[in-house]
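Reminder that position 384 of the sequence shown reads as 384 in the numbering used here, one-by-one numbering, no gaps. Each residue gets a CB set at the ideal place from its N, CA and C atoms; glycine is no exception. Quantities reported herein were computed from a predicted structural model and do not represent experimental measurements.
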Amino acid sequence: MRKLLTGISELTGIVPEGVLRKQGADMGRTGTLQDAWLLIEDGRIADFGTGPEPAADEILSCDGGMVLPAFCDSHTHIVYAGSRDGEFLDKIKGLSYEEIAARGGGILNSADLLHETPEDELYAQSLERVRGMMAMGTGAIEIKSGYGLRTEDELKMLRVIRRIRQEVPAVVRATFLGAHAVGRGYTKEAYVDLVCREMLPKVAAEGLADFVDVFCDEGFFTVEDTARILEEGRRLGLRPKIHANELAVSGGVQVGVRYDALSVDHLERTTDAEIEALRGSGTMPTMLPGSSFFLGLPYGRAKDYIQAGLGIALASDYNPGSSPSGDMRFVMALGCIRMRLTPVQALNACTLNSAYAMGVSDVCGSVTRGKLANLIITRPGFTLTKIPYLHHTPFIRTVLLRGEEAE
Ligand code: NIG
Ligand code: FE
């Protein structure tokens, strides 16, 4: 089955085969063609170009819209139960994220709700969020556990992620985040034991996760706890992705690099030492401007990372407590408006580099021959700059995932 997209005003996000991430000055570059066509064969990008169009079984005219790679969202917590809008009101009244957590709200509140919610119901609620994300142009999603905090509930979350992965056309990856908070009734030491001795072996035995994550931050898990969990995860074949430096400079970046983490995420608080530690590593610094926006935290020092020759990824952090939105276009706009990324840098951060940060940049994240045809077709009149500039004007005409219109 050959499907031809015609009438593309601008085809952007073109990256040569074999390039798995962009760093430094290269973050400011992307391949672009004007007045282009793109051929999809069996759900993959077969070819693209300008001038004479190849034969196809089906033609889809883009009517002068632009075409860009679908967003990749390498950091989400979208499997959760219910809502935390009560805490939103507390936040408006002036309580901080830490104060809400200390009152038994926050992650522990989500864990209680999740415990009471049957698996099928949790799946239905989470699937609806994934469908919303796909409609907003996201074609690859990493999803974390971490609202279970008991072995059975962590496994329940991961089974829900597996079902989502089997159901939707988006590329889905699963991360075990048992060390998201200390479960009720445990000391921290006993809980870290539980994560290492019981949860991780079960998760690995059932093949339920691709990655292991730890919330390495003030008031949550220390560098020593993190090292112990990563050590165990690595023994079981799970590569780390770390939450670090959201609430304080935690040492999480350095421990992540030491254990060859695929990404270190948040980084609202960064000194030059973190930037230095990341140089020459395979670890993608990932920033989550949606949580900076929602919690009123500093935005990451994206420009400084790029200046130092590093790449950065952006992701939504979609979760009920610190970023209740999976809108990657908004993330891209915050990247430009608040972190002063150029639209091309923000696009690379939200597509190829975010795909790298979830280990899928060989199959998606750019317009490259052989990659999945995960594409956004915009309404006519849009340019790459206008996507973040007109930040809430509807811009999507069609989202294609594996070459088919996402429903
Ligand atoms: O990435 N920082 C830790 N975890 C989530 C928030 C989870 C929550 O509040 O429910 C985050 O922001
Ligand atoms: Fe997170």
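(request) Starting from serine 226, follow the alpha helix (DSSP H) in both directions and report where the run begins and ends. (result) Working through the sequence shown from its first residue, we reach residue 226 at position 226. It should be pointed out that residue 226 corresponds to threonine in this sequence rather than to serine. Note, threonine 226: alpha helix (DSSP H), 223-235.
(message) Let's see if you can read the secondary structure: which residues bound the beta strand (DSSP E) around alanine 179?
(response) Here residue 179 corresponds to residue number 179 of the sequence shown, with the count starting at 1. Run containing alanine 179: 171-179, per the beta strand (DSSP E) assignment.
(message) Bridge partners for lysine 144 per DSSP, in chain order?
(response) Indexing the sequence shown from 1 puts residue 144 at position 144. Lysine 144 pairs with Thr175.
(message) Using 8 Å as the cut-off, can you tell me whether the region 132-147 makes contact with the region 360-370, which would need three or more C-beta pairs spanning the two stretches below that distance?
(response) yes
(message) Is the beta carbon of valine 67 closer than 8 Å to that of isoleucine 377?
(response) In the sequence shown, residue 377 corresponds to position 377, counting from 1. In the sequence shown, residue 67 corresponds to position 67, counting from 1. Cβ atoms of isoleucine 377 and valine 67: closer than 8 Å.
(request) Look up valine 195 in the DSSP assignment and say whether it is helix, strand or coil. (result) Here the question's residue 195 lines up with position 195 in the sequence shown. Residue state, collapsed to three classes: helix.
(request) Taking the CB atoms as reference points, tell me whether glycine 43 and glycine 403 lie closer together than 8 Å. (result) In the sequence shown, residue 43 corresponds to position 43, counting from 1. In the sequence shown, residue 403 corresponds to position 403, counting from 1. Note that the C-beta distance between glycine 43 and glycine 403 is below 8 Å.
(request) Helix, strand or coil for alanine 313, going by three-state DSSP, please let me know. (result) Translated into positions along the sequence shown, residue 313 becomes position 313. Three-state result, alanine 313: strand.
(request) Since I believe alanine 81 is in contact with leucine 108 (beta carbons under 8 Å), could you give me their beta-carbon distance rounded to a whole number of angstroms? (result) Reading the sequence shown from its first residue, position 108 is the one you call residue 108. Reading the sequence shown from its first residue, position 81 is the one you call residue 81. About 13 Å separates the two Cβ atoms, so there is no contact after all.
(request) My understanding is that threonine 351 touches phenylalanine 71, with C-beta atoms under 8 Å, so please give their C-beta distance in whole angstroms. (result) Here residue 351 corresponds to residue number 351 of the sequence shown, with the count starting at 1. Here residue 71 corresponds to residue number 71 of the sequence shown, with the count starting at 1. The pair is a contact, with the Cβ atoms about 6 Å apart (cut-off 8 Å).
(request) Could you have a look at histidine 243 and say whether DSSP puts it in helix, strand or coil? (result) Residue 243 sits at position 243 when you count from the first residue of the sequence shown. Note: histidine 243 maps to strand in three-state DSSP.
(message) Can you list, in chain order, the residues of its chain with a C-beta nearer than 7 Å to that of methionine 328? Leave out the 5 residues immediately preceding and following it.
(response) Counted from its first residue, the sequence shown places residue 328 at position 328. For methionine 328, where only same-chain residues beyond five positions count, the Cβ hits under 7 Å are Phe71, Asp73, Met136, Gly137, Thr138, Ser316 and Cys350.
(request) Taking valine 171 and methionine 134 to be in contact with their CB atoms under 8 Å, please state how far apart those CB atoms are, rounded to whole angstroms. (result) Indexing the sequence shown from 1 puts residue 171 at position 171. Indexing the sequence shown from 1 puts residue 134 at position 134. Rounded to whole angstroms, the Cβ separation of valine 171 and methionine 134 is 11 Å, and the two are not in contact under 8 Å.
(request) Could you have a look at histidine 115 and say whether DSSP puts it in helix, strand or coil? (result) For the purposes of this step, residue 115 is taken as the residue at position 115 of the sequence shown. Correct three-state label for histidine 115: helix.
(message) Count Cβ pairs between the region 248-261 and the region 305-321 that sit closer than 8 Å; are there 3 or more?
(response) no
(request) Just the C-alpha distance for glycine 94 and leucine 297, rounded to the nearest angstrom, thanks. (result) Counting from 1 along the sequence shown, the entry for residue 94 is found at position 94. Counting from 1 along the sequence shown, the entry for residue 297 is found at position 297. Their backbone Cα atoms lie some 14 Å apart in a straight line.
(request) Under 6 Å Cβ to Cβ from glutamate 87, same chain only, skipping five residues before and after it: list those, please. (result) Residue numbering aside, residue 87 sits at position 87 when the sequence shown is read from its first letter. Closer than 6 Å at Cβ, skipping near neighbours: Ile100 and Gly105.
(request) Could you please give the first and the last residue of the uninterrupted alpha helix (DSSP H) stretch that includes phenylalanine 330? (result) Here residue 330 corresponds to residue number 330 of the sequence shown, with the count starting at 1. Residues 328-337.
(message) Tell me the rounded alpha-carbon separation between glycine 148 and leucine 158.
(response) The residue labelled residue 148 in the question sits at position 148 within the sequence shown. The residue labelled residue 158 in the question sits at position 158 within the sequence shown. One C-alpha to the other measures close to 10 Å.
(request) Tell me whether methionine 1 is buried or exposed, calling it buried when 16 or more other Cβ atoms sit within 10 Å of its Cβ. (result) On the sequence shown, residue 1 is found 1 positions in, with the first residue counted as 1. Classification of methionine 1: exposed, given that the 10 Å Cβ count is below 16.
(request) Answer yes or no: the CB of serine 291 versus the heavy atoms of the ligand NIG, is any distance below 7 Å? (result) Stepping through the sequence shown from its first residue, residue 291 is reached at position 291. It does: the Cβ of serine 291 is within 7 Å (strictly closer) of some heavy atom of the ligand NIG.
(message) Going by C-alpha to C-alpha distance, which of Asn374, Tyr389 and Ala209 sits closest to valine 399?
(response) Reading the sequence shown from its first residue, position 399 is the one you call residue 399. Closest by alpha carbon: Asn374.
(request) Quick one: residues in its chain with C-beta nearer than 6 Å to the C-beta of phenylalanine 382, no 5 flanking neighbours on either side, listed in chain order? (result) As a position in the sequence shown, residue 382 is number 382, starting the count at 1. Answer for phenylalanine 382: Met66 and Phe395, listed in chain order.
(request) Report yes if the C-beta distance between glycine 7 and cysteine 62 is below 8 Å; otherwise report no. (result) In the sequence shown, the residue the question calls residue 7 occupies position 7. In the sequence shown, the residue the question calls residue 62 occupies position 62. Yes.
(request) Identify, in the order they occur along the chain, each residue of the same chain with its Cβ nearer than 8 Å to the Cβ of leucine 200, setting aside the five sequence neighbours on each side. (result) On the sequence shown, position 200 is the one that residue 200 refers to. Closer than 8 Å at the Cβ level, and outside the excluded window around leucine 200, lie Phe176, Gly178, Val212, Ile229, Glu232, Gly233, Leu236 and Leu238.
(request) Consider the C-beta atom of histidine 392 and the heavy atoms of the ligand FE; say whether any pair is separated by less than 7 Å. (result) Locating residue 392 in the sequence shown gives position 392, counting from the first residue. No, the Cβ of histidine 392 stays beyond 7 Å of every heavy atom of the ligand FE.
(request) Examine the ligand FE and report whether any of its heavy atoms sits within less than 7 Å of the Cβ of asparagine 245. (result) Numbered from its first residue, the sequence shown carries residue 245 at position 245. Checking the Cβ of asparagine 245 against the ligand FE gives no.
(request) Going by DSSP, name the residue or residues bridged to aspartate 42. (result) Along the sequence shown, read from residue 1 onward, the residue named residue 42 stands at position 42. Listed as beta-bridge partners of aspartate 42 by DSSP are no residues whatsoever.
(message) Using the three-state DSSP reduction, which class does glutamate 268 fall into: helix, strand or coil?
(response) The count along the sequence shown starts at 1 and reaches residue 268 at position 268. Glutamate 268: coil per DSSP, three-state reduction.
(request) May I have the straight-line CA-CA distance separating methionine 284 from threonine 271, to the nearest angstrom? (result) Residue numbering aside, residue 284 sits at position 284 when the sequence shown is read from its first letter. Residue numbering aside, residue 271 sits at position 271 when the sequence shown is read from its first letter. Roughly 16 Å between the two C-alpha positions.
(request) Would you list the residues sitting across from serine 263 in a DSSP beta bridge? (result) Within the sequence shown, numbered from 1, the residue matching residue 263 stands at position 263. Answer by DSSP bridge pairing, in chain order: Lys241 and Met284.
(request) Please name the residue or residues paired with cysteine 72 in a DSSP beta bridge. (result) As a working note, residue 72 is residue 72 in the sequence shown. According to DSSP, cysteine 72 bridges with Ala140.
(request) Report buried or exposed for isoleucine 92, applying the criterion of at least 16 other Cβ atoms within 10 angstroms of its Cβ. (result) The residue given as residue 92 occupies position 92 in the sequence shown. It is exposed - the Cβ of isoleucine 92 has fewer than 16 other Cβ atoms within 10 Å.
(request) Mark glutamate 116 as exposed unless 16 or more other C-beta atoms lie within 10 angstroms of its C-beta, in which case mark it buried. (result) One-based indexing of the sequence shown puts residue 116 at position 116. With fewer than 16 other Cβ atoms within 10 Å, it is exposed.
(request) Return helix, strand or coil for aspartate 362, following the three-state DSSP convention. (result) For this step, residue 362 is matched to residue 362 along the sequence shown. Here aspartate 362 sits in coil by DSSP.
(request) Can you grab the Cα-Cα spacing for the pair glycine 28 / threonine 187, in whole Å? (result) The residue you call residue 28 lines up with position 28 of the sequence shown. The residue you call residue 187 lines up with position 187 of the sequence shown. Going by the C-alpha atoms only, they are around 47 Å apart.
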